[in-house]
Amino acid sequence: MPEKIFSLLGRNELFFSRLQHLSLGEILLVKIESAIAFLRGLPKHATKISALEFNGFEFKFTEAEYDQLQLIHALIYLIKSQKQLRLFSIQNITA
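Residue numbers for the sequence shown follow this note's numbering, beginning at 87 and rising by one.
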(Lines of atoms letter the chains of each structure in order from A and count residues from 1; the text may use other names and numbers.)
(Lines give C-alpha, C1' and ligand atoms only; values in the text may rest on other atoms or scores of the structure.)
Protein backbone atom coordinates (compact mmCIF):
# COMPACT_ATOMS: atom_id res chain seq x y z
CA MET A 1 0.00 0.00 0.00
CA PRO A 2 2.73 2.61 0.75
CA GLU A 3 4.02 2.13 -2.83
CA LYS A 4 0.64 3.27 -4.17
CA ILE A 5 0.81 6.37 -1.98
CA PHE A 6 4.21 7.41 -3.35
CA SER A 7 2.95 6.77 -6.87
CA LEU A 8 -0.08 8.97 -6.17
CA LEU A 9 2.12 11.75 -4.80
CA GLY A 10 4.37 11.64 -7.84
CA ARG A 11 1.54 11.75 -10.37
CA ASN A 12 -0.22 14.61 -8.59
CA GLU A 13 2.80 16.76 -7.83
CA LEU A 14 1.13 19.96 -9.08
CA PHE A 15 -1.98 19.33 -6.95
CA PHE A 16 0.05 18.72 -3.80
CA SER A 17 2.31 21.71 -4.47
CA ARG A 18 -0.77 23.97 -4.31
CA LEU A 19 -2.20 22.39 -1.17
CA GLN A 20 -2.90 25.04 1.48
CA HIS A 21 -5.24 23.38 3.98
CA LEU A 22 -4.89 19.79 5.12
CA SER A 23 -7.30 18.11 7.50
CA LEU A 24 -6.82 14.46 8.44
CA GLY A 25 -9.31 12.33 10.31
CA GLU A 26 -8.85 9.31 12.52
CA ILE A 27 -5.93 7.06 11.64
CA LEU A 28 -6.66 3.46 12.48
CA LEU A 29 -3.86 1.23 13.69
CA VAL A 30 -4.59 -1.09 10.76
CA LYS A 31 -3.81 1.73 8.29
CA ILE A 32 -1.03 3.42 10.23
CA GLU A 33 1.75 2.33 7.83
CA SER A 34 -0.05 3.98 4.92
CA ALA A 35 -0.59 7.15 6.95
CA ILE A 36 3.11 7.25 7.87
CA ALA A 37 4.13 6.78 4.22
CA PHE A 38 1.76 9.55 3.11
CA LEU A 39 2.96 12.00 5.77
CA ARG A 40 6.62 11.24 5.04
CA GLY A 41 6.16 11.77 1.30
CA LEU A 42 4.01 14.88 1.51
CA PRO A 43 6.74 17.41 2.50
CA LYS A 44 8.56 16.75 -0.78
CA HIS A 45 5.58 18.04 -2.76
CA ALA A 46 3.62 20.31 -0.40
CA THR A 47 5.44 23.16 1.34
CA LYS A 48 2.76 25.87 1.32
CA ILE A 49 0.26 24.44 3.79
CA SER A 50 -1.10 27.25 5.98
CA ALA A 51 -3.61 25.20 8.02
CA LEU A 52 -2.93 21.71 9.32
CA GLU A 53 -5.59 19.90 11.35
CA PHE A 54 -5.57 16.40 12.80
CA ASN A 55 -8.95 15.25 14.10
CA GLY A 56 -9.68 12.07 15.99
CA PHE A 57 -6.15 11.30 17.09
CA GLU A 58 -5.91 9.01 20.06
CA PHE A 59 -2.46 7.74 20.87
CA LYS A 60 -2.54 4.53 22.86
CA PHE A 61 0.93 3.27 23.52
CA THR A 62 0.48 -0.47 23.45
CA GLU A 63 1.91 -3.14 21.17
CA ALA A 64 1.78 -0.65 18.27
CA GLU A 65 3.92 1.88 20.13
CA TYR A 66 6.70 1.88 17.52
CA ASP A 67 4.27 2.63 14.67
CA GLN A 68 2.64 5.41 16.65
CA LEU A 69 6.03 6.97 17.39
CA GLN A 70 6.84 6.80 13.68
CA LEU A 71 3.55 8.59 12.98
CA ILE A 72 4.41 11.33 15.47
CA HIS A 73 7.86 11.79 13.88
CA ALA A 74 6.25 11.99 10.42
CA LEU A 75 3.89 14.70 11.72
CA ILE A 76 6.81 16.66 13.18
CA TYR A 77 8.70 16.42 9.90
CA LEU A 78 5.63 17.63 7.97
CA ILE A 79 5.13 20.57 10.35
CA LYS A 80 8.78 21.63 10.13
CA SER A 81 8.71 21.49 6.32
CA GLN A 82 5.91 24.03 5.96
CA LYS A 83 6.97 27.57 5.10
CA GLN A 84 3.58 29.24 5.63
CA LEU A 85 2.00 27.27 8.48
CA ARG A 86 -0.30 29.56 10.48
CA LEU A 87 -2.76 27.12 12.07
CA PHE A 88 -1.95 23.78 13.64
CA SER A 89 -4.47 21.70 15.56
CA ILE A 90 -4.63 18.21 17.04
CA GLN A 91 -7.95 17.12 18.47
CA ASN A 92 -9.05 13.89 20.06
CA ILE A 93 -12.66 13.28 19.14
CA THR A 94 -14.35 10.54 21.12
CA ALA A 95 -17.88 9.26 20.76
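Glycine included, every Cβ here is placed at the ideal spot set by N, Cα and C.
Query: Which of helix, strand or coil DSSP assigns to I162; Result: helix
Query: Assigned exposure category for Q106 - 16 Cβ within 10 Å defines buried; Result: exposed
Query: The beta strand (DSSP E) enclosing I176, as first and last residue numbers; Result: L173 to Q177
Query: Same chain only: Cβ atoms within 7 Å of S103, ignoring 5 sequence neighbours per side; Result: H131 and A132
Query: Residue span of the beta strand (DSSP E) that contains E139, given as start and end; Result: A137 to N141
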